[in-house]
Amino acid sequence: MFESYYLKHPAIDWTCPSCEINFLSDSLFDETQTQSEVNNQTDCNTMNANDLANNISITSQTTDSDDNNSFPSHLKELTTQLNLSLKDLKIAHLNICSLRNKIDELRYLQETCQFDIIAITESHLDAAVANTKIAIDGLKLVRLDRTERKGGGCVLYYKEHLKLFTAKTCQFQKAPFHIGEIFDDPNDKLWTWKKLFKEICDIHAPWKEVKIRSKSLPWMNNTIRLKINRRFKLFKKAIKTKCAEDWNNYKNLRNEITSELRKAKADYFSNMFGEVTTSKAYWDLIKKSVSPKVRQNIGPIKRDNGTLAVNDEEKSNLFNSYFATIGETLALSLPRPPTTTPTQMNDSRRSSCDKICISQDNIQRYIININPKKSTGPDGMSPRLLKLAGNAIIPSLIDLFIWSAQAEEIFESWKLARLTPIFKKEAEEDRENYRPISLLCLPSKILEEEVNNTIVKHVFEENQLMTDRQWAYRRSYSTELLLAHLTETWRKAVDSGLKVAVAFIDFKKAFDSVSHPILEHKLQNDFGIGGSLLTWLKIYLRDRTQYTVVNGKESSIAKITYGIPQGSVLGPTLFALFTNDLPENVESGNVYMYADDTTLYCIGDSADEVVSTLNKALSELYVWCIANQLTPHPQKSEVMLLSKQRIIGPLAPVFLGEQMIKWVKKTKLLGMVVDENLSWNEHISELKLNYVNKLNLVKTSRFLPTSVLLDVYFKVILPSITYALVVWGGCSNKENFKSLERLHCRAARIIYKLPRYMPSEDVLSKVGWNTLFFYYKTAILKLICKIIKNVTPNSMSDLVSRRECNYSLRAKYQLSAPRFNTKTLKLSITYRGATLWNDINRKHSEINIDEYDNDKTIPVTTIRTHASDKPWMTAYIKKEIKARQKAYTTGNMTKYRQLADKIITLIKKAKAEFYSSKVKSKRKHDAAKWHRTISQLAGFEDDNLNNNLIPDSTPDTVEILQNIFTKPWSKLPETIIPSLEDVASSLRQENPPTPSIGQVKTALKQLNSKKATGSDGIPAWVLKRYCEELAPIVHDIICASIKECEYPTAYKHALVIPVPKVNPPRDIENDFRQISILPQMAKVLEKLQLKLNLPSSRINDNQHAFTSKRSTVSALTNISQNWFNVTDNTHSAKNGVHALFIDFRKAFDLVDHGILIRKLAEINVTKAFWLWTRSFLEDRRQQVKLAGTLSSVKPCPAGVPQGSVMSPALFNIHINDIENSIPDGLSINICKYADDCTQDEVVSQGSSSHMQEALEAVQRMV
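In my numbering, the protein residues as written are 1221 to 2482.
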C-alpha cells in the first residue's frame, strides 16, 4: 500500500507555545523570519515535537482504496503512522522556494519525521552555496542547479544506506538485447536492438514538442521583454500627450533597454564562445553575433531540359537522381578502356589482411567522443542519447559489430544515406556545382571506424603499401608541407635557369565516380586485403541507397551503383587506395595528390621541351583515367609555366584527352594563390582583402569581452592568415609583408581600443604581441627542426643538407645553405632555414646552453629604465610629457596647459586599461598581488625595501650580507657524509627512471616567464617560448644527469637575494632572509626528479607544507578541531590543552647534509636517486647580489637552498621523524607546517603536564 499525505491548511503558522515565535508557515516555512528570530528559536528549549504537532492539520489519501480515512490533526500521530514498519520507505516532496534560507527548518522536520528520501524543488541554489551548508545529518544529497537564470533547481536527500543509481543506465544494462539472436534475418536483429533502445529512451528522454519563436533572440529574457512592452506604452503616451517629461521617461527607459540588451548579448556570446572548439564554430558564432540571419534555402534548380524547378520536393528528387547516377553517367561517357590482363600482387606485397578487429576500448572512446550536437542519422538514433547511454550500451553494440564482421553482412538501414547538397561555387541553379554530403547512421560510422583502423594499420603502418605522392588522410602529412615541398622544388629549378610546366588537374565528381569492381580488385591485388574483410567491404559498397533533403523536403529513395559516400569514415581511405597507382603510371612527369587535387609538373631546359613532356605526361594520366573510369575536368584544369626569363610569344597548346587546357599566370593551389614568378604578391593581395574583412567583422563584435575577442583573433583569424606562412613569408615585395604587419597592429588597436595615432611599435609592445615576421621565422625553424627529427614525409628531407665535417667543430651541427643565382632561391625555405638554424646552432654548439644569451636571433638588449616608471607608462605618454616640459621651459603656457590636460587624460586611461587587462583578473586568484597593484595605482606604494638600512650597494655592503648569511655555518661541526656502502642495504637497486621528451616540454611550458634569471643567464621566457625546439636538447642534459647520478656543477651556484622579513627592516643581521636565485634549467631538472622518484605519500600526515591536498587551512583545521573536541564543555571530564609553538633558528640553512642523506636512504629510495641527491647537496656555493653588485663566492657546507624545487621535499624528509623523539607513554600530538611545529597535550584537571619533557626530547634530537 502506498500512502500520501498533504497539508490541509498550508498557510497555518507553526508557533512555539512558549516563546510565541512564528516558527514555520507558508507550506511549512516562513520566508519573512529575521535572522534574530531564527537564532532565538535555538534558545527555546521548551518547544518539542508534541507542541509543534498541535498546530498542523493533516489529511491522508490512500491510493489503493476509494474511501478516504481521516486522521487526527497532529504531527505526532503522523509520525506514529510513518513509523509503523521498518520496511516502509518514507518519502517527502517539498516545493521549498529557496533552500538556503530554510535549511534549519528542514533539518528540524527531518529530525521529527525521519524521512528516508526528501525531494526538494525550487531550491534556488547556485555554485556559491556549498553542499556542506545544506547538509542534513544522516542523509546524502545530490543536486541540480539552474545556471542560466535565477530560480529553479532541485535537491534529493536520501538515507546513507540507500544506493543511488541512474535508472537509464541500469535499464540499458538489463535490457534483453540478446533476444535479437533468435532471428535469422539480420534486419530483424537490428530492428530488435533499435526497438529496445528507443523504448528505454522514450521512458527517460521522451520527445517533447516546444514552441519556438521564429524571431526570438536567444539572449532575450522576460525582464527585457517586460521593459520593451513598457517602453512601447510610454512611447504611445508621449506621442499622445507631447509632454517633455513623458518623452524623457521614454528615452531613459529606451537607453536602459539598449544597455541591458548589449550586456545580455555579450554574456550570451561569451558563454557560447567558451564552448566552441573549432574554427568553423567560431566563424558561425561571429557571424551570428554580428548579423543573425536565417539559413538561406536552395533556390530554383535546372531540369535536364533547361527549365527551372521551384517545388522543393521536385528539387530534392532532381538532386537525388543526379547524385545517384552521375558516377555511372560519367563512366559511360569515357572511351572504353583496352582489355588488359588483371595485375597480380607483387611478391613484396604478399602480406594479407583478412579480418576486422573489434576493440572494446576503441568503441568506448568513440562513444565518449560523440559530438551530441551532430544531426540524427536516417535511422533516427540521436547522438546525444547514444552518448548519454555511455558504457551501458557498448556490449550490445559490440555484439552487433561482431555479428556483422563474422557474418560478412551489413544491415540495410546502415547502407541508407541522407544527402544534403552543399553549394561549392559558380551558378547556384546548376546541380553540378553542389557537393553531396552523406549523413549516415551513427552505429554504422562507429563500425566503419574499426574497419578503417584495420585497413590503415595494414596498409599505412605495417607494410608501407601507400605511395608517398598522396598526402591526404595521413599522419604527419598536410597541405602546408605539400605546398612547401612543391614550391621549393620549383624554386630550385627556376634558380638554375630551368623551366617548370605545371598542370593543376581537376576531376569531375571524383568520389561519386569510383568504380566498385575496380576498387575491389585493387584492394585485393595491390594491398592484400582478402577474406572476410574484403567480403565485408564488397557488401558495404554494393546495393547502397540514398535520399536527398532539400529545404526540409525528402526525395524518394534511389540505388547507387558508383561512388563512395562523402561523409563516411571509410570514404577518404578507400579513395586514397583507389588512386594509389596514379603517380606511378605517369612516368613522364611528377604527380602529387592531396585527395583528388592533383598537381603534375615537368622540368626541362626550354619551354618547348617542358610543354612537350607535359603533354606526354597528361596523355599517360588520361590513359589511367580511362582504365579506372575517373573523369578529368579539362574546363576547370589549368596549366602554368614557371621561368626566370620572360617567355616571348605564345606557348604551345596543352591537351588533356582531346580537350585543350588553358594557360594561366596565377592559380589557386590548396588554398594559396601561386603566380608564375613565385613572388606571392597575388596571394598577399588577396590575403589583405580577406584580412580586412575579418577585422571589420571583429570591429562590429566589439561588444564582446576582450578575452573573447583575443580568442577569436588568435584561434581563428590569425591561423587563417598565417596559413602556409612558411611558404609565402619569403615574398619578394617587402612592402606587401609590411602591409600585413600594419593590419596585425590594427587588430590590436581594435581589440584593446587603442588610439589610432599610437605608433605600431608601441601598440605591439603595449599588448605584448609578436610581429608576423617573428611568426615567419619561428615557422621556418619549427619546420627545419621537424625535418631533422624525421617527423615529416621523407621527400621533405631535400630541404635540409647537413655540412660534412669529420672534426669536433661547431660546423658539424650546422646546415649547408645552397648557393643561389637569383632572389628566387635566396627567399626560399632551404636558404633561409639553413641561415636561421645556423645562427641559433652557433650559440648551441656542443649543446652549450650557457652561451644561449648571445644568440643573434634573440640578443640580450640593454635598455634604460627609470625608478619612477610605472607599469602602465607608455612611450607615447613619455613623449607627451617631454613635449610638455619643453613647452613649460620655452614659456608657451597655452600649449603647456593643453598638454597637461591631455597627459592627465592619457594617464587615467592607461591606468584603467592596465587594471582591466593585467590586474582585474587577479582579484580572485591572487588577492595579495591585486592589493599591492591597487595601492600602486592609487599612489599608496609601500616604502622601498632597499631603504636607509642598506643605503648603497657597494662591495662592502654585499660582503657584510654575505658574512651574515654564512656566519651560522662557521660554528657547525664537520659533516660526516655516509658512503654508499653504509646505506646500500636500505636502497632499491633499480634503473633510474628518465622523463620523456613530452614531460620535459610540459615542464618548460609551465615555467613562469617572469621569474628572475639565474646564474647561467638563461631567461625563463626563452625556455618557455622555444620549448618545442629546446625540449630534445634539455631532455639529453636531464637524462645524462640522471643516468650519471651527477647534479650539474654549474647549477650548484646560487645568487642570493636579501629579502626583508619585516617592512621596513631595522636589524641588518636578523631582518633579512636569503632567497637563492637558481638557474631555471635546474628547477626543471629538480621538478622532474621529484615527480619520478619522491611521491609525497612518504611524508607523515601531520606535515601540511609542500604536500598535495594539504595547506595552512588543513593544518589550522586539524589543530583547532582537536582543541575544540577536548575543551567542549559537554564532556563530563574537564580537560584542557597545553600547546607549545616551536620556532627553529635558520631551519633551512642549518640542515646537516649527513643526517639528511641517511634519512633519505631510510625511506627506501633508489640507489641512483640517492647518489644524485648527494651530488645535489655537495659542493654548493653562493654569491650575494644586491642592485647589480656581487659579493665574493663562499661555499655552503650545510642547509638546503631556499628557492630550489628540491629543498622543501628534502626539509620534509629531514624533520619527518621529529615525533619519534617523543618518549613512549607521552600523549603529545605534533602538527607541522614546514618548520613551524605545534605540540599539544591533553591535560586533565589536577594532572601535571609533560610538555617540558617532550620539548627537551625534541631539543636533543635537533
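Note that CB positions come from ideal geometry on N, CA and C, so glycine has one too.
Per DSSP, the unbroken alpha helix (DSSP H) holding residue 2245 starts and ends at 2240 to 2245. A straight line joining the alpha-carbon of residue 1904 with that of residue 1963 spans about 12 angstroms. Counting only runs of 3+ residues, the beta strand (DSSP E) found wholly inside the stretch 1759 to 1812 occupies 1764 to 1770 and 1778 to 1780, in chain order. Ranked by Cα distance from residue 2391, the first of 2207, 1477 and 1860 is 2207.
Between residue 1533 and the set 1770, 1646 and 1695, the nearest pair of CA atoms involves 1770.
Classified as exposed, residue 1422 has fewer than 16 neighbouring CB atoms from the shown chains inside 10 Å of its CB.
Residue 2260 and residue 2267 have their alpha carbons spaced roughly 10 angstroms apart. For residue 1908, the closest alpha carbon among the candidates 2107, 1920 and 1957 is that of 1957.
For residue 2052, the uninterrupted alpha helix (DSSP H) run begins and ends at 2049 to 2061, by DSSP. Assigned with DSSP and collapsed to three states, residue 1834 falls in helix. Ranked by Cα distance from residue 1772, the options 1519, 1840, 1837 and 2276 are led by 1519. In its chain, beyond the 5 residues on either side, 2373 have a beta carbon closer than 6 angstroms to the beta carbon of residue 2397. Of 2407, 2133, 2097 and 2219, the smallest CA-CA separation from residue 2120 is found for 2097. With a cutoff of 7 angstroms on beta-carbon distance, residue 2381 and residue 2265 are scored as not near each other.
Burial check for residue 1977: the Cβ neighbour count within 10 Å stays below 16, so the residue is exposed. With respect to residue 1378, residue 1337 sits close: the two C-beta atoms are nearer than 7 angstroms. Going by beta carbons, residue 2242 and residue 2220 fall outside the 7 angstroms limit. The C-alpha of residue 2197 is placed about 11 angstroms away from the C-alpha of residue 2395. Here residue 2262 is near residue 2214, since their CB atoms are less than 7 angstroms apart.
DSSP places residue 2378 inside the alpha helix (DSSP H), whose first and last residues are 2373 to 2382.
Every candidate beta strand (DSSP E) stretch fails here, since none sits fully inside the stretch 1968 to 2025 while reaching 3 residues.
A direct Cα-Cα distance of roughly 58 angstroms separates residue 1478 from residue 2010. Here residue 1546 is buried, its C-beta having at least 16 other C-beta atoms within 10 Å. Within the same chain, Cβ atoms closer than 8 angstroms to the Cβ of residue 2007 are found at 2016, 2017, 2019 and 2020, the five residues on either side in sequence being excluded. Rounded to whole angstroms, the gap between the alpha carbons of residue 1628 and residue 1787 is 23 angstroms. DSSP, read as helix, strand or coil, puts residue 2356 in strand. Secondary structure note for residue 2280: it is in no alpha helix (DSSP H), and the uninterrupted beta strand (DSSP E) holding it is 2273 to 2280. The C-beta distance from residue 1983 to residue 1968 rounds to 5 angstroms, short enough to fall under 8 angstroms. For residue 2187, the secondary structure class from DSSP, reduced to helix, strand or coil, is helix. The stretch 1877 to 1892 and the stretch 1852 to 1860 touch, with three or more beta-carbon pairs separated by less than 8 angstroms.
In this structure, residue 1439 places its C-beta atom within 7 angstroms of the C-beta atom of residue 1485. In this structure, 1879 is the residue among 1879, 1801, 1792 and 1851 with its C-alpha nearest to the C-alpha of residue 1835. Under the three-state reduction of DSSP, residue 1339 is assigned to strand.
Setting aside the 5 residues that flank it on each side, residue 1380 is surrounded in the same chain by 1358, 1359 and 1360, each with a C-beta closer than 8 angstroms to its C-beta; the list follows chain order. The residue among 1663, 1961, 1332 and 2301 with its C-alpha nearest the C-alpha of residue 1980 is 1961.
Ranked by how close their Cα comes to the Cα of residue 2465, the residues 1579, 1742, 1717 and 2356 have 2356 in first place.
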